[in-house]
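Take a look at the structure set out below.
Residue numbers (my numbering), protein chains in the order written: chain G, 1 to 363; chain H, 1001 to 1595.
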């Protein structure tokens, strides 16, 4: 019933396409994060789902009901969804209990049921003693929890969270992250979580939709997103993947192949269904790169910088064959290498980017 | 699909319904939609309709009368008015006093604004409060206060033994006198416009010039003053239109010396000959309206008009240190305030204590009889207190109640129509008061169609004009209040399921209440001190304080007029002071009398 279906949604502002043919399905009870840099269109998408804006093409369905098309539009107050705003948007002239109970008032729920449900919602976010406080007297984390309680008290079938942790400091963020996860487990509500922070998205979401320039580039579980990015942009964005050109790609198994990386033959993973061969791009992770002694075959590279990161060093290097394609990897303490040193790198794993393959073979 | 349309997930409209089943569902949908339609579009239609009736209808009626007097197309009235030498004498006088008053206002207002806005003088709030006060005291009261500061019957000069001989002419009964008092009255307008702009002048611009090695004087000349051109032009236009439309000052200072300007000419024609001359008066109103519009257009064409009450607060420029010049500057400012505010008000208070015009004031002769008379004995004055309080309070409450939903659409639902509505609300305040008054007389002289009720000669025509003229005074602070509001607060209540009326009631009204209250107070003060409209619209029973004050003064009862004036000043100042208690909760610039 609370399945969210977004179908070929387009939103233009003049010439600019804020949403460019966006399609996305969120299953009942699923927690989906929409991840992207600022200006990628994720907030525009949230406002479309909530009904604050009307689309230029495409549709939004909540459950079985069509709520947004260019011709018909259910106003936000009738969509029965919940939102946790980035600014929390707590009404400063109402107490915590009044804030939380507002939606129940609107729905015509009377005391004692109303009071009971407000108390239950406050208990859920562990704010029992705070019912009569004003929002101004609460800390950032407490305000966040009030916003959460307010959003959940009416038991909406779909909850939208708009960068809810962006205004909190780092250690509070981790605590709230756990709280959201617990919450989702307990209530089973369908949740759409907007964020620009991939650690947050990975920690919380069942699936992540990566957005850039108004398009969804990939919708997948966090692990698939990390291991099998769909294209260069996703590969670079998620976990700071390195995108390198590869040549002589040859399949040698269902989902494996070999390819030349800077003149060195490497075994890689690839998409089982894709047609591969010849040239392509591949995504490498820093933990797949290893410094080996000079006699072993590998990629020759020159160290360009070394940064200490606590217990380990991050090294940046320029391959001798292609100095313009930077590599980076970690080395445990102690490390005797200096910038300018030459090293040989073994590559243990890689992923041939299917998006690139498809485009290249179509040419 | 048919049964589902009645649930909460109901579409607003559908693109293309052709089959019979979808037609049924359209019908169901319409039924389900009625409340939704009511709250958004019906409310907006209603608001726009009211604005049209208040702001456009009277002036449209006036223009119609000018072109087609009595309903038939004719240029007789226009020709008659334009052929009359009186018309051109009054026009010349109006232009002279308006330009003169504006020049004085600009000189004084700019100097004070630069001192307050850019330097480190002490007691800034007190300076602003005192300097702006004349703007919120009735012009006719200010004029009387100045009259009583000079001239043979001045109690002040008499106490000092410096009064001119009895029978000699008061120097203020002249064009120069009118210009002086107009300049003093409207210098605060120029001051406020510049002050608001200086408040938003980015600190970096001044610091960059100082860092570049420019001394403060050079920074003022090369950076600050050029950037202040738009607000200065706006201030000039604003004070020109205000000087041109002012009735109270030329009525008190010009009529006795037979120095007639357009507003007083219209008043005299109408008072002397009655509604029979309406066509001629309409032409005169259009003439003065045209001059005012020309003034605004001239300024608009140079630069877009700025709103002097609303300004976003940025990091204000750090004040220049005056060092050795600080004390002399402060002394000069307070001397100016002494001359333009304290001295005239003292003269007014002293006059109100004199038992009869011409009697010397001393501890033995001072009396409160004048106050007793205007408060308790004089029937029209007693009525006027009730009328003015009632009219001003009603106008303030009604306008603010109307402005809150209107501003919701103006600020958060931008559209071309709404931009037009925003401009239209300014018209009745921008045109001279006499123009609006004549327009209202034309509109309401005959009984209203359908209901058959006549508003002319009742208190309701005055209320109508107050609503039309002061709408923008209430609207601007409310708009400023919305701009300060985080819209997600409204969206959160929308997501909670609240429709527009409930959102307004439970979330928006409580949050814009402080600025709305400031707007209401501004309306109350302006209406309470108003004379221009009611001088033309009053009838027996619907006198306002301004009208009674004016008739006391015209009848030679300056002492009663002074007592009434003192009472209105006390009410105004008390209200201004009371707002300072809540001033911290308001956006900067909403209260003109607070820095």
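Note that CB positions come from ideal geometry on N, CA and C, so glycine has one too.
Model, not experiment: these values are computed from the prediction.
Quiz item: For residue 1497 of chain H and chain G, any beta-carbon pair shorter than 8 Å?
Solution: Position 497 of the second chain, counting from 1, holds the residue named residue 1497 of chain H. Yes, residue 1497 of chain H counts as interfacial toward chain G.
Practice problem: Starting from residue 1103 of chain H, trace the alpha helix (DSSP H) both ways and give me its first and last residue. | Solution: Indexing the second chain from 1 puts residue 1103 of chain H at position 103. Where residue 1103 of chain H is concerned, the enclosing alpha helix (DSSP H) stretches over 1085 to 1118.
Quiz item: For residue 1369 of chain H, which residues of its own chain have a beta-carbon under 8 Å away from its beta-carbon, when the five flanking residues on both sides are left out?
Solution: The residue labelled residue 1369 of chain H in the question sits at position 369 within the second chain. Once the five neighbours on either side are set aside, the close Cβ partners of residue 1369 of chain H are 1355.
Quiz item: Ends of the alpha helix (DSSP H) at residue 226 of chain G?
Solution: Taking the first residue of the first chain as 1, we reach residue 226 of chain G at position 226. Here the alpha helix (DSSP H) through residue 226 of chain G covers 222 to 227.
Quiz item: In chain H, what lies closer than 8 Å to residue 77 of chain G by C-beta?
Solution: Taking the first chain and counting its residues from 1, the one referred to as residue 77 of chain G is at position 77. Within chain H, the residues near residue 77 of chain G are 1494, 1495, 1496, 1497, 1498, 1499.
Quiz item: Does residue 1488 of chain H have its Cβ less than 8 Å from a Cβ in chain G?
Solution: One-based indexing of the second chain puts residue 1488 of chain H at position 488. Yes, residue 1488 of chain H counts as interfacial toward chain G.
Quiz item: Are there 16 or more other CB atoms within 10 angstroms of the CB of residue 1212 of chain H, so buried, or fewer, so exposed?
Solution: Within the second chain, numbered from 1, the residue matching residue 1212 of chain H stands at position 212. Label assigned to residue 1212 of chain H: exposed.
Practice problem: Using a Cβ-Cβ cut-off of 8 Å, state whether residue 1044 of chain H counts as contacting chain G. | Solution: Start at 1 with the first residue of the second chain, and residue 1044 of chain H comes out as number 44. By this cut-off, residue 1044 of chain H is not an interface position.
Practice problem: Pick out the complete alpha helix (DSSP H) segments inside the region 1439 to 1479 of chain H, 4 residues or longer, and give them in chain order. | Solution: none
Quiz prompt | Inside the region 1466 to 1553 of chain H only - beta strand (DSSP E) runs reaching at least 3 residues | solution = none
Quiz item: Using a C-beta cutoff of 8 Å, does residue 1507 of chain H count as contacting chain G?
Solution: By 1-based counting over the second chain, the position of residue 1507 of chain H is 507. Yes, its Cβ sits closer than 8 Å to a Cβ of chain G.
Quiz item: Residue range of the alpha helix (DSSP H) that residue 136 of chain G falls in?
Solution: For the purposes of this step, residue 136 of chain G is taken as the residue at position 136 of the first chain. Looking at the DSSP string, residue 136 of chain G is not in any alpha helix (DSSP H), and its letter there is neither H nor E.
Quiz item: Can a CB atom of chain H be found closer than 8 Å to the CB of residue 93 of chain G?
Solution: Indexing the first chain from 1 puts residue 93 of chain G at position 93. It does; some Cβ of chain H falls within 8 Å.
Self-check item: Interface flag, residue 1510 of chain H vs chain G, CB-CB below 8 Å
Solution: Start at 1 with the first residue of the second chain, and residue 1510 of chain H comes out as number 510. It does: the Cβ of residue 1510 of chain H has a partner Cβ on chain G nearer than 8 Å.
Quiz item: Do residue 351 of chain G and residue 242 of chain G have their CB atoms nearer than 8 Å?
Solution: As a first step, residue 351 of chain G must be located in the first chain, where it is residue number 351. As a first step, residue 242 of chain G must be located in the first chain, where it is residue number 242. Taking 8 Å as the Cβ cut-off, residue 351 of chain G and residue 242 of chain G do not qualify as a contacting pair.
Exercise. Note the first and the last residue of the continuous alpha helix (DSSP H) segment covering residue 347 of chain G.
Key: Position 347 of the first chain, counted from the start, is the residue given in the question as residue 347 of chain G. No alpha helix (DSSP H) contains residue 347 of chain G, which is instead part of the beta strand (DSSP E) from 342 to 347.
Quiz prompt | Beta-bridge pairing of residue 1352 of chain H - partner residues as DSSP gives them | solution = Translated into positions along the second chain, residue 1352 of chain H becomes position 352. In DSSP, residue 1352 of chain H forms no bridge with anything.
Self-check item: Cross-chain neighbours of residue 1491 of chain H in chain G, by beta carbon under 8 Å
Solution: Position 491 of the second chain holds residue 1491 of chain H. 50, 52, 76, 83, 85, 89, listed in chain order.
Practice problem: State the Cα-Cα distance for the pair residue 1412 of chain H and residue 73 of chain G, rounded to the nearest angstrom. | Solution: The count along the second chain starts at 1 and reaches residue 1412 of chain H at position 412. The count along the first chain starts at 1 and reaches residue 73 of chain G at position 73. The alpha-carbon atoms of residue 1412 of chain H and residue 73 of chain G are separated by roughly 19 Å.
Quiz item: With contact counted as at least three CB pairs below 8 Å, one residue from each stretch, are the region 3 to 17 of chain G and the region 56 to 70 of chain G in contact?
Solution: yes
Practice problem: Please confirm if residue 107 of chain G has its CB atom under 8 Å from at least one CB of chain H. | Solution: Position 107 of the first chain, counted from the start, is the residue given in the question as residue 107 of chain G. Closer than 8 Å: yes.
Practice problem: Report the neighbours of residue 1414 of chain H on chain G: residues whose CB is nearer than 9 Å to its CB, in chain order. | Solution: In the second chain, residue 1414 of chain H corresponds to position 414, counting from 1. The contacting residues do not exist; residue 1414 of chain H stays about 14 Å from chain G at best.
Quiz item: Where do the N-terminal and C-terminal ends of the alpha helix (DSSP H) with residue 254 of chain G fall, by residue?
Solution: As a first step, residue 254 of chain G is located in the first chain; it is residue number 254 there, counting from the start. That residue, residue 254 of chain G, is in no alpha helix (DSSP H); it is neither H nor E in DSSP.
Quiz item: Helix, strand or coil for residue 1068 of chain H per DSSP?
Solution: Here residue 1068 of chain H refers to the residue found at position 68 when the second chain is read from its first residue. DSSP places residue 1068 of chain H in coil when its eight states are reduced to three.
Quiz prompt | Residues near residue 1481 of chain H by beta carbon distance below 6 Å, same chain, minus five either side | solution = Taking the second chain and counting its residues from 1, one reaches residue 1481 of chain H at position 481. Closer than 6 Å at Cβ, skipping near neighbours: 1512, 1515.
Practice problem: Answer with yes or no whether the minimum CB distance from residue 1502 of chain H to chain G is below 8 Å. | Solution: One-based indexing of the second chain puts residue 1502 of chain H at position 502. Judged by the 8 Å Cβ criterion, residue 1502 of chain H is in contact with chain G.
Quiz item: Between which two residues does the beta strand (DSSP E) carrying residue 23 of chain G extend?
Solution: For the purposes of this step, residue 23 of chain G is identified with residue 23 of the first chain, where counting begins at 1. Here the beta strand (DSSP E) through residue 23 of chain G covers 16 to 26.
Practice problem: Note down, in chain order, every chain H residue with its Cβ under 8 Å from the Cβ of residue 102 of chain G. | Solution: As a position in the first chain, residue 102 of chain G is number 102, starting the count at 1. Under the 8 Å cutoff, chain H gives 1493, 1496, 1498, 1506.
Quiz prompt | Distance, residue 1475 of chain H Cα to residue 142 of chain G Cα | solution = In the first chain, the residue the question calls residue 142 of chain G occupies position 142. In the second chain, the residue the question calls residue 1475 of chain H occupies position 475. Going by the C-alpha atoms only, they are around 37 Å apart.
Quiz item: Does the separation of the CB atoms of residue 1119 of chain H and residue 1319 of chain H fall below 8 Å?
Solution: For the purposes of this step, residue 1119 of chain H is identified with residue 119 of the second chain, where counting begins at 1. For the purposes of this step, residue 1319 of chain H is identified with residue 319 of the second chain, where counting begins at 1. Result yes, Cβ atoms of residue 1119 of chain H and residue 1319 of chain H sit closer than 8 Å.
Quiz prompt | Cα-Cα separation between residue 1299 of chain H and residue 1550 of chain H, rounded to whole angstroms | solution = Start at 1 with the first residue of the second chain, and residue 1299 of chain H comes out as number 299. Start at 1 with the first residue of the second chain, and residue 1550 of chain H comes out as number 550. C-alpha separation (whole angstroms): 34 Å.
Quiz item: What is the DSSP secondary structure of residue 305 of chain G, counted as helix, strand or coil?
Solution: Looking up residue 305 of chain G in the first chain gives position 305. Reduced to three states, the DSSP call for residue 305 of chain G is strand.
Quiz item: Which residues in chain H sit within 8 Å of residue 154 of chain G, going by Cβ to Cβ distance?
Solution: As a first step, residue 154 of chain G must be located in the first chain, where it is residue number 154. The answer, in chain order, is 1496, 1497.
Quiz item: The alpha helix (DSSP H) spanning residue 1131 of chain H covers which residue range?
Solution: Reading the second chain from its first residue, position 131 is the one you call residue 1131 of chain H. Residue 1131 of chain H -> alpha helix (DSSP H) spans 1124 to 1132.
Practice problem: Check each candidate in G/112, G/214, G/174 and name the one with the smallest Cα separation from residue 204 of chain G. | Solution: Residue 204 of chain G sits at position 204 when you count from the first residue of the first chain. Out of G/112, G/214, G/174, G/174 has the C-alpha closest to the C-alpha of residue 204 of chain G.
Quiz prompt | Rounded distance between the beta-carbons of residue 1543 of chain H and residue 1384 of chain H, thought under 8 Å | solution = For the purposes of this step, residue 1384 of chain H is taken as residue 384 along the second chain, with counting starting at 1. For the purposes of this step, residue 1543 of chain H is taken as residue 543 along the second chain, with counting starting at 1. So it is a contact: roughly 5 Å between Cβ atoms.
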